[in-house]
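Step one of this worksheet: look at the structure below.
2 protein chains.
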Amino acid sequence: LEDRVMKKQIITISREFGSGGHLVGKVLAEKMDVPYYDKSILDRIAEEKGYSVEMMEEDEKRAKNSFLYSLTTAFGSAGTGPDYISINEKFFLAQFDYIRRIAKEGSCVIVGRCADYVLRDMPFVTNVFIYADKQQKFKRIVNEYGLSREDAEKGLRDVDKARANYYKYHTGQEWGRPENYHLCINSSNISLGGCTDIIMKYQEIKTK
Amino acid sequence: LEDRVMKKQIITISREFGSGGHLVGKVLAEKMDVPYYDKSILDRIAEEKGYSVEMMEEDEKRAKNSFLYSLTTAFGSAGTGPDYISINEKFFLAQFDYIRRIAKEGSCVIVGRCADYVLRDMPFVTNVFIYADKQQKFKRIVNEYGLSREDAEKGLRDVDKARANYYKYHTGQEWGRPENYHLCINSSNISLGGCTDIIMKYQEIKTK
Chain V
1 LEDRVMKKQI ITISREFGSG GHLVGKVLAE KMDVPYYDKS ILDRIAEEKG
51 YSVEMMEEDE KRAKNSFLYS LTTAFGSAGT GPDYISINEK FFLAQFDYIR
101 RIAKEGSCVI VGRCADYVLR DMPFVTNVFI YADKQQKFKR IVNEYGLSRE
151 DAEKGLRDVD KARANYYKYH TGQEWGRPEN YHLCINSSNI SLGGCTDIIM
201 KYQEIKTK
Chain L
209 LEDRVMKKQI ITISREFGSG GHLVGKVLAE KMDVPYYDKS ILDRIAEEKG
259 YSVEMMEEDE KRAKNSFLYS LTTAFGSAGT GPDYISINEK FFLAQFDYIR
309 RIAKEGSCVI VGRCADYVLR DMPFVTNVFI YADKQQKFKR IVNEYGLSRE
359 DAEKGLRDVD KARANYYKYH TGQEWGRPEN YHLCINSSNI SLGGCTDIIM
409 KYQEIKTK
């Protein structure tokens, strides 16, 4: 048991808008008693640490031979030459680097931010995708996120499209395809606590 | 407990070639102590019962207003008029109808045959997709299915493409997309017994 407790476990959560996946990540981190990270936390840390600025040159040097770099220069720099990297892209690269550092430190749960791709080669990482039936997502967006029915419709139409574009842009992969994840859970017929139980069952089996 | 045991549970398994999903279905049926069905068993039953012939007219009548019917006539009947349905297609429709009958009878596990789509509106049905990393699939195909390396490569290239086409043809849906399933499990880092344990955990939560 001691041995299992000691083993590093990192869970990344990707999720459809309205699936409840964000909350699954939070509850999971609490149950596992490990740090929790998402976009707003990672953005704040980056700013507090001046990380995004400090790391840029270093990142840029390392990034020049990487897929991410060729992607950012290929898609993000029309007319500015192959060596140009925008501030936004530098920030993303810095954040990716910070995610890798977090993952080296110890167990945690990370929601979003292409963390599944960033950490794809680390054997102690489990990538989870949480999704749900459209009707269930709509219900959750209206009842729990408090959006109007119109904004919920708009959100269902636009948010995941933006996530898929962001993911494609930074990883070259298709967001929401099973091959990017170890486990994909439809949250529609089970509670969010049920989702965390299934993830922990997977971890128990994987680390056995 | 009595109540939970009594509840009907039907699991459909779709799987990538080489993922071990077929065996997951068999082991799951044993663990749940329920009947197991797959293509070869369903084909044999259909032939033994003369089912495919007997049911054709009835199916055809009911099918005329269905999506499956419009699909089969649209894609399968060039030059033969809108009322034509090939013997092959009649056999598939009869098999689909037989799957619905099986599902009405009681708990079971069904591998393949678009069973997820055929039973999609039944609340006691759980649709599972088993997949794996390419390298893992290759290894299993060579070591456990006993294929040559060349045939394994060929199988990886062709078998799932054929399954996707078959599925698309009969359901109009994309095979292997999370939205068609309740649970997608990458079998690469866990044993096949681990996969069945996760499915049973999902069932435990769903029927609680």
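Just so you know, the protein sequences line up as chains V and L, in that order.
Here the first sequence is numbered in our numbering, starting from 1 and rising by one per residue.
Here the second sequence is numbered in our numbering, starting from 209 and rising by one per residue.
We put the beta carbon where it would ideally sit given N, CA and C, even for glycine.
| query | result |
| --- | --- |
| R113 of chain V versus L93 of chain V: straight-line alpha-carbon distance, rounded | 11 Å |
| Neighbouring residues, chain L, relative to C184 of chain V (Cβ below 9 Å) | F337, P386, Y389, L391, C392, I393, N394 |
| Which of helix, strand or coil DSSP assigns to Y169 of chain V | helix |
| Assigned exposure category for K409 of chain L - 16 Cβ within 10 Å defines buried | buried |
| Distance CB(C403 of chain L)-CB(P178 of chain V) smaller than 7 Å | no |
| Within-7 Å CB hit, I398 of chain L to chain V | yes |
| Cβ of I205 of chain V within 7 Å of any chain L Cβ | yes |
| Distance between beta carbons of G21 of chain V and I130 of chain V, contact taken as under 8 Å | 3 Å |
| Neighbour-count burial assignment, Q303 of chain L, 16 or more Cβ in a 10 Å radius | buried |
| Range covered by the beta strand (DSSP E) that runs through Y339 of chain L | 333 to 339 |
| Cβ neighbour criterion (16 or more within 10 Å) applied to S148 of chain V | exposed |
| Cβ-based burial, D419 of chain L [other Cβ within 10 Å; buried from 16] | A question about residue 419 of chain L goes unanswered here, because the residues of chain L that appear run from 209 up to 416. |
| The region 153 to 163 of chain V in contact with the region 374 to 382 of chain L per 3-pair CB rule at 8 Å | no |
| Contacts that K216 of chain L makes with chain V (C-beta to C-beta distance below 7 Å) | Residues of chain V passing the Cβ test: none, with the nearest at roughly 15 Å. |
| Nonlocal neighbours in the same chain, by C-beta distance under 8 Å from G384 of chain L, ignoring five residues either side | S222, E224, F337, Y339, D368, A372 |
| Top-ranked residue by Cα proximity to V235 of chain L, from L:Q411, L:V317, L:R328, L:T334 | L:V317 |
| Counted within 10 angstroms of its Cβ, other Cβ atoms place I414 of chain L as buried (16 or more) or exposed | As written in the sequence, residue 414 of chain L is Lys, which differs from the Ile given in the question. Buried is the call here. |
| Cβ pair Q332 of chain L, I406 of chain L closer than 7 Å | According to the sequence as given, residue 332 of chain L is Phe; it is not Gln. Not closer than 7 Å, so no. |
| C-beta contact flag for V220 of chain V and G193 of chain V at 7 Å | Since the first residue shown for chain V is 1 and the last is 208, residue 220 of chain V is missing from the structure and cannot be characterised. |
| Cβ-Cβ distance between Y389 of chain L and N335 of chain L below 7 Å | yes |
| Proximal residues, the region 104 to 130 of chain V versus chain L, C-beta separation under 7 Å | F129 |
| Under 7 Å between C-beta atoms of S191 of chain V and Q136 of chain V | no |
| Per-residue DSSP class, three states only, for N189 of chain V | coil |
| Nearest to Y184 of chain L (by Cα), restricted to the options L:R365, L:Y245, L:L231 | Since the displayed chain L opens at 209 and closes at 416, residue 184 of chain L lies outside it and no answer follows. |
| Identity of the residues DSSP links to V109 of chain V by a beta bridge | V:I11, V:Y36 |
| Proximal chain L residues relative to K201 of chain V, where beta-carbon distance stays under 8 Å | D405, I406, K409 |
| Segment limits, alpha helix (DSSP H) that includes N180 of chain V | No alpha helix (DSSP H) holds N180 of chain V; DSSP gives it neither H nor E. |
| Minimum Cβ-Cβ distance from G155 of chain V to chain L less than 7 Å | no |
| Under 7 Å between C-beta atoms of I102 of chain V and V118 of chain V | no |
| Test: R4 of chain V CB closer than 7 Å to a CB of chain L | Confidence in R4 of chain V is poor, its pLDDT being 47 and thus under 50, which makes the residue's placement too unreliable to answer from. |
| Span of the alpha helix (DSSP H) around D121 of chain V | From DSSP, D121 of chain V is part of no alpha helix (DSSP H); its letter is neither H nor E. |
| F346 of chain L - containing alpha helix (DSSP H), residue span | 342 to 351 |
| Close beta carbons around D116 of chain V, own chain, < 7 Å, minus the five adjacent residues each side | T12, S14, N127, N180, Y181 |
| Minimum Cβ-Cβ distance from G20 of chain V to chain L less than 7 Å | no |
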